[in-house]
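Asks: Numbering (our numbering), first residue to last: 8 to 254.
Could you have a look at this structure, given as structure tokens, before my questions?
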Ligand code: SF4
Ligand code: SF4
């Protein structure tokens with residue numbers, strides 16, 4: 008099934024290379040996880056029973072495709088330098104959510120005619136607005152698929168950093184799983200030498216003790232009001248523009 012993996016990687020790369028959006032990207036990262044990886048079962052214990060197993064999305068699931076679309080440096084720099092959330096970052100959020108939707112739909116167009124069952128998931132807005140729990144976490148899928156490690160900013164830090172967005176798709180074809188590396192990508196977890204994300208959080212939602220999701224979400228909804236012309240723009244990213252933003 009190597010050829011299938013290559014076909015999927017090529018499709019995602021082409022979609023990103025051919026964007027006509029304001030937002031520009033660095034090279035995507037793509038990984039594969041076995042749908043039967045024991046970590047998916049453990050997620051029900053760690054994240055909660057509400058978190059779906061790939062086979063609950065697709066009973067014939069064999070593989071989870073996870074991908075990361077890293078933002079161009081200019082977008083990272085804009086949000087790093089701006090005291091408020093930079094417009095470039097807000098636009099990147101909206102446009103990348105749409106791009107993930109497009110990639111998902113292209114994956115369906117390409118794989119279903121090959122007799123492969125496919126279930127896609129949205130980039131975001133699939134969570135319960137009361138308790139902010141999500142039944143599917145693209146970041147967690149990317150972790151299982153070997154794309155990175157979690158930092159104290161509660162984001163997945165890949166070998167291309169954490170400034171970007173994740174998508175995932177479940178399919179019924181078998182693809183060999185990508186290995187999970189042992190490298191720690193968060194500088195605080197490596198040697199306690201960085202706390203950029205905690206210090207740069209404008210609300211105090213992020214601390215060394217954890218993330219106050221409600222406080223963070225209140226900020227995201229405030230940011231949304233600042234960009235009424237962009238559509239639902241619940242984004243901030245001040246914890247994703249530190250030294251681990253782009254590696
Ligand atoms: S900003 Fe520093 S401490 Fe925070 S996640 Fe990134 S590397 Fe870790
Ligand atoms: S998204 Fe913004 S408010 Fe939320 S934890 Fe990160 S920096 Fe803090």
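Glycine included, every Cβ here is placed at the ideal spot set by N, Cα and C.
A quick note: this is a predicted structure, and the numbers were derived from the prediction, not measured.
Can you give me the start and stop residues for the beta strand (DSSP E) that residue 85 sits inside?
Replies: That residue, residue 85, is in no beta strand (DSSP E); its alpha helix (DSSP H) goes 80 to 88.
Asks: Does the stretch 34 to 43 touch the stretch 117 to 126, meaning 3 or more C-beta pairs lie closer than 8 Å?
Replies: No, because fewer than three Cβ pairs between the stretch 117 to 126 and the stretch 34 to 43 fall closer than 8 Å, the two stretches do not touch.
Asks: Could you give the C-beta distance for residue 170 and residue 75, rounded to a whole number, given that I count them as a contact under 8 Å?
Replies: Going by Cβ atoms, the distance from residue 170 to residue 75 rounds to 10 Å, so no, they are not a contact pair.
Asks: Classify residue 172 as helix, strand or coil using the three-state DSSP reduction.
Replies: Strand, per DSSP.
Asks: Among 98, 162, 213, 182, which residue has its Cα nearest to the Cα of residue 240?
Replies: Of 98, 162, 213, 182, the residue nearest in Cα terms is 98.
Asks: Who does residue 77 pair with in a DSSP beta bridge?
Replies: Paired residue(s): 171.
Asks: With contact counted as at least three CB pairs below 8 Å, one residue from each stretch, are the stretch 62 to 75 and the stretch 204 to 213 in contact?
Replies: Verdict: no, contact absent.
Asks: What does the alpha-carbon distance come out to for the pair residue 109 and residue 83?
Replies: Looking at the two C-alpha atoms, the distance is approximately 23 Å.
Asks: Quick one: give me the first and last residue of the beta strand (DSSP E) that residue 259 is part of.
Replies: Absent from the structure is residue 259, since the part of the chain shown begins at 8 and ends at 254.
Asks: Over the uninterrupted alpha helix (DSSP H) stretch that includes residue 53, give me the two end residues.
Replies: Residues 45 to 53.
Asks: Measure the alpha-carbon distance for residue 244 versus residue 184 and round it to whole angstroms.
Replies: Straight-line Cα distance between these residues: approximately 30 Å.
Asks: Identify the residues that DSSP records as bridge partners of residue 36: which are they?
Replies: BP columns for residue 36 point to 75.
Asks: Could you say which of 145, 96, 200 lies nearest to residue 30 if we only look at CA atoms?
Replies: The shortest Cα separation from residue 30 among 145, 96, 200 belongs to 96.
Asks: Three-state secondary structure (DSSP) at residue 59?
Replies: In the structure shown, residue 59 sits in coil (DSSP, three-state: anything other than H, G, I, E or B).
Asks: Under 8 Å: do the stretch 219 to 233 and the stretch 176 to 190 share three or more Cβ pairs, one atom per stretch?
Replies: Result no; under three Cβ-Cβ pairs closer than 8 Å.
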